[in-house]
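Numbered per my numbering, the sequence shown spans residues 4 to 429.
Every residue gets a Cβ at the ideal spot worked out from N, C-alpha and C, and that includes glycine.
A quick write-up on the structure given underneath.
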Amino acid sequence: MFSSLPNPVRWVRAVIALAGLATLSGCAKLNFWQMDGHQSTIVVEGSVAREQLQVFYVTCWVSLVIFVIVAAVLAYATFKFRARSAADEHAEPPPQGHGNPFIELGLIGASVLALVVIAVPTLKAIWSTYDVPEAEKANMYEVNGTGYQWWFKFEYPGELAPTNATGAKAPLVTGNELVIPAGRPVRINLRTVDVIHSFWVPKLAGKVDMIPNRANHIYLRADKPGYFWGQCAEYCGDSHAVMRFRIIALDAKEFAEWLEQQSQTGRTVAPRAADANRAKPQFAALRSFKQNEAGITAKFDVNPLESWRAKQAPEKNEDAALIAAGRELFKTKTCIACHTVRGHEGGGVSAPDLTHIGSRTTIAAGLLENNSEQLRRWIHNPNSVKPGNKMALAYARTDREGKPVDGIKLTPEDEGALVAYLESLK
Ligand code: HEC
Ligand SMILES: [Cu+2]
């Protein structure tokens, strides 16, 4: 009965536009009027989010009707009983009513009706969006998502990849970017290793909390291949506002290719004979970033899925010697204590897995675009990008008495080599 309600928000928008607020507020951007920002809950692209949106519309329409009735009665009373002359202002108030059973019963009945109209589709949606429907369980894809202060780990229990220690296989792990098959129901088992986080990809589904010592899950489905913005939606400390993530939905073939590539161990770039007399690749100059400077280019912002695809292939002009130097620094500068690059050095599990960091579109949990300039910005001074993050602890450390101890120190050359290494990890 409520399957295709018109969008009441569009009406409200028309009213605002008529009032001329568009020009006053300066919000005349196209996205704003189409209500199609990256994290829009109005322009959705998944079946679960669509069902939840219908519930929102029901509530909106019911509230709108109540608003119109109450506003009309108020306007009528204000007009009818206004003071018409100076004498009226000091007159006795009009006779007061003391309860009219018909009006009172009518109001109770109308409220109950309004609540029932809201409750029926709400309860229906709570049940049907809770988990993958039985009939579709066979087609379901299952992954695990874990919240860390302030990033997300994603694990593919169905896909095994060789580990470092013994070469034995363990589930494939990525960080901050979850790649899923489009069109299929996906169940994400949600956990946290520290405080409460909340997993929210507005275009695909509502939020579900990640709660310590409690098994939660979310069910979602992307209509078609796409790139979706997500965000932790439960305050979780210093960097909560920049604890973001992405979901990339791919068709079956591209998804299979991605899984195949990700289950490889870290890529090693072999030196080529021609390398010896080739000019060194140019890295982005080490400039200082303005405070809060955006970490994302317009090109990426407009067509993120294409940018994602472009990241899957190795860069041209890779410098094998520089990359090898970067790999060495990754070890000596203690990056391996927290990070893993499968097949290379490092067994750290307290930070995002970097085995294929070069093939991801973002770093620092969705905050910065993954390119040489932003990578350098991040490893130069993580704290200036994301205040309080746990990688920064390795840069500025203090001992038990609070005295500063030497942390990670990188020269511009070190940074260039580390960036080349990280970018080579496709
Ligand atoms: C103390 C542990 C620790 C050390 C040491 C450390 N990192 Fe990190 N690193 C982290 C954590 C934690 C994050 C996630 C930060 C966040 O987004 O909140 C991170 C994030 C990153 C990322 C972004 C990953 C992503 O998917 O968003 C890169 C790249 C990175 N580190 C590179 C390095 C390099 C290079 C070094 C050595 C110079 C290093 N890290 C040393 C803990 C560490
Ligand atoms: Cu969080």
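query = Does the beta-carbon of I251 have 16 or more other beta-carbons within 10 angstroms, so that it is buried, or is it exposed?
reply = buried
ask   = Which of helix, strand or coil does DSSP assign to A255?
value = helix
inquiry  = Which of the three DSSP states is assigned to Q152 in this structure?
reply    = coil
inquiry  = Starting from T195, trace the beta strand (DSSP E) in both directions and tell me its first and last residue.
reply    = V189 to T195
Counted within 10 angstroms of its Cβ, other Cβ atoms place Q1 as buried (16 or more) or exposed = The first residue shown for the chain is 4 and the last is 429, placing residue 1 beyond what the model contains.
request  = Give the secondary structure of D304 by DSSP, where H, G and I count as helix, E and B as strand, and everything else as coil.
outcome  = helix
query = Any heavy atom of ligand 1 within a distance shorter than 8 Å of the CB on C341?
reply = yes
task = With DSSP as the reference, label D322 as helix, strand or coil.
result = coil
task = Could you round the C-beta distance between V51 and T132 to whole angstroms and report it? I think they count as a contact, below 8 Å.
result = 5 Å
Alpha carbon of T414 to alpha carbon of L332, nearest angstrom = 11 Å
inquiry  = Taking 6 Å as the limit between beta carbons, can you name the residues of its chain near F258, skipping five residues before and five after?
reply    = P184
query = Going by Cα to Cα distance, which pick from E296, W130, F70 and A78 is closest to E54?
reply = W130
ask   = Distance, Cα to Cα, K314 vs G405?
value = 42 Å
Backbone secondary structure at K314 - three-state DSSP = helix
ask   = Between the beta-carbon of I382 and the beta-carbon of E348, is there less than 9 Å?
value = no
query = Run through DSSP, which three-state label would D398 get?
reply = Reading off the sequence, residue 398 comes out as Tyr, not Asp. The answer is coil: DSSP assigns Y398 none of H, G, I, E or B.
task = Rounded to whole angstroms, what's the CA-CA distance from Q294 to T44? Just pull it up for me.
result = 30 Å
key: S362: CB within 8 Å of a non-hydrogen atom of ligand 1   = no
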